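Counting the sequence shown from 1 gives a position; my numbering is that position plus 111.
Virtual Cβ for every residue (Gly too), placed ideally from N, Cα, C.
These numbers come from a predicted model, not from an experiment.
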Amino acid sequence: MGRLQQEELVKSLRKLYDSTDYSDLTIVTGIDRHKVHKAVLCPRSEWFAAACRFGKEALSGEITLEHDNPYIVRCMIQYFYKLDYPPFVEPEPEPEASSVLGWGNRAVSRGLGAPSPESPPVAAPEGFVEPAPAPQDIELAVDDFWAIPTRKKGKKGKKADISSRLQLKADPDASLSTHAQVYAIADKYNISGLRALAVEKYENAASKYWDTEGFPPSIHIIYSSTPDEDRDLRDIVVQTISDHMGLLETPEMEATMRELNGLAFDVLKSKWH
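See below:
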């Protein structure tokens, strides 16, 4: 199948998602009612295939998922039709496209060239306000970010309290917990493609947001929703912590390590090898 035909197939699936035409199955969760298609869901999920063959669901054409998070169910439904779910991963911009026009004596992109030292500053348009950088774009010096706490001795040789300078930042989009929950629901309903996508997205998010407040809660989700032998997400968590051991100095991660005995052992084992 050529690329054009693949794009045509994906577009047709998205059209089905955006309309209720030809729908022959309803998935209910909370107040949400998703009009879906057996031909789209059943070949990719043994659980839904079985539900549509037997029991009251087969007769009523309605399946209620009362114990699942409605938002995560919506992510699952979107995957069936769009082969993706939010938060979507934006493509990396080209170097030229990522540059912005500068004011003053800064270089101006898109082939206009940098002004010579003799040229006067370029005046900004009236009313222009230089935008402040987004919090996640602020670069921190390595020494400031990874300051290792030291033990200071007080009188009579007593040791003072250890204080960590590493503090977790705000989670920009809660993506870590979302991907962990999507993985869990994909495993529950036996959707192998969604499982693989959730692993890929979690690994990508963990590499960017390991130092945010969203990382510890996502670990709780993973270690409470997967068996010990399921290493897909657990190995990512362990490797991330092993790569950034300064996380153990934060109260959130310390509490997580104490609460999840399996996690502490996994990290210790990874460092041993």
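Drop a sphere of 10 angstroms on the beta-carbon of residue i, count the other beta-carbons inside from all chains shown, and report buried for 16 or more, exposed for fewer.
i, result
"His178", "exposed"
"Met364", "buried"
"Thr131", "exposed"
"Gln278", "exposed"
"Ala291", "buried"
"Lys394", "Beyond the ends of the chain as shown, which are 112 and 384, falls residue 394; an answer cannot be given."
"Pro325", "Pro is not the amino acid found at residue 325; the sequence shown has Gly there. Classification of Gly325: buried, given that the 10 Å Cβ count is 16 or more."
"Arg306", "buried"
"Leu120", "exposed"
"Gly224", "Only weak support is given to the placement of Gly224: the predicted model assigns it a pLDDT of 42, under 50, and the question is left unresolved by the model."
"Ile330", "buried"
"Asp135", "exposed"
"Tyr352", "It is Ile, not Tyr, that sits at residue 352 in the sequence shown. Buried is the call here."
"Ser123", "exposed"
"Leu212", "Interpretation of Leu212 is limited by its pLDDT of 33, a score under 50 that renders its predicted location unreliable; no figure is taken from the coordinates."
"Ile183", "buried"
"Arg369", "exposed"
Can you list, in chain order, the residues of its chain with a C-beta nearer than 8 Å to that of residue i? Leave out the 5 residues immediately preceding and following it.
i, result
"Tyr133", "Leu127 and His148"
"Cys153", "Phe159, Ala160 and Cys163"
"Arg125", "Tyr192 and Lys193"
"Gln189", "Tyr128, Asp195, Tyr196 and Pro197"
"Ile332", "Ser288, Ala291, Gln292 and Ala295"
"Arg144", "Thr137 and Ile138"
"Thr323", "Leu279, Lys280, Ala281, Asp282, Pro283 and Leu287"
CB-CB under 7 Å to residue i, same chain, minus the five flanking residues each way: which ones, in chain order?
i, result
"Pro327", "Glu363, Met364 and Thr367"
"Ile347", "Tyr313, Glu314 and Ala317"
"Glu157", "Asn301"
"Gly113", "none"
"Lys146", "Thr131, Ser134 and Thr137"
"Asn180", "Gln292"
"Gly166", "none"
So, under 8 Å CB-CB, residue i and residue j are touching, yes? Tell me the CB distance rounded to an integer number of Å.
i, j, result
"Asp354", "Tyr320", "Contact doesn't hold; Cβ gap of about 14 Å is too wide."
"Ala295", "Ser336", "4 Å"
"Val349", "Ser303", "Actually they are not in contact, since the Cβ atoms of Val349 and Ser303 sit about 23 Å apart, beyond 8 Å."
"Val378", "Asp343", "At roughly 17 Å, the Cβ-Cβ gap does not stay under 8 Å, so Val378 and Asp343 are not in contact."
"Asp341", "Gly373", "So it is not a contact: roughly 12 Å between Cβ atoms."
Grab the span of the beta strand (DSSP E) containing residue i for me, first residue to last.
i, result
"Leu136", "Leu136 to Thr140"
"Ile352", "No beta strand (DSSP E) holds Ile352; the alpha helix (DSSP H) holding it covers Arg345 to Asp354."
"Glu173", "Glu173 to Thr175"
List the endpoints of the continuous alpha helix (DSSP H) containing residue i.
i, result
"His145", "That residue, His145, is in no alpha helix (DSSP H); its beta strand (DSSP E) goes Asp143 to Val147."
"Leu305", "Ser303 to Tyr320"
"Ala439", "The structure shown has nothing for residue 439, since the chain only spans 112 to 384."
"Gly373", "Asn372 to Trp383"
"Gln117", "Arg114 to Asp129"
"Leu287", "Ser286 to Lys299"
"His178", "Premise fails: His178 is in no alpha helix (DSSP H) and is neither H nor E."
"Tyr334", "Phe326 to Ser336"
Output needed for residue i: all residues of its chain with C-beta closer than 6 Å, excluding positions within five of it in sequence on either side, in chain order.
i, result
"Thr175", "Val139"
"Arg185", "none"
"Val151", "Phe191"
"Arg221", "With a pLDDT of only 36 at Arg221, under 50, the local geometry of the prediction cannot be trusted, and no value is derived from it."
"Leu371", "Tyr334"
"Glu118", "none"
"Ile187", "Reading off the sequence shown, one finds Met at residue 187, where the question assumed Ile. Around Met187: Ile296."
"Gln116", "none"
"Ser286", "Pro198 and Ala316"
"Gly141", "Pro181"
> Do the region 308-316 and the region 164-171 touch if we need at least three Cβ pairs shorter than 8 Å?
Replying inline: Using a Cβ-Cβ distance cut-off of 8 Å, the region 308-316 and the region 164-171 are not in contact, since fewer than three pairs of beta carbons, one from each stretch, lie closer than that value.
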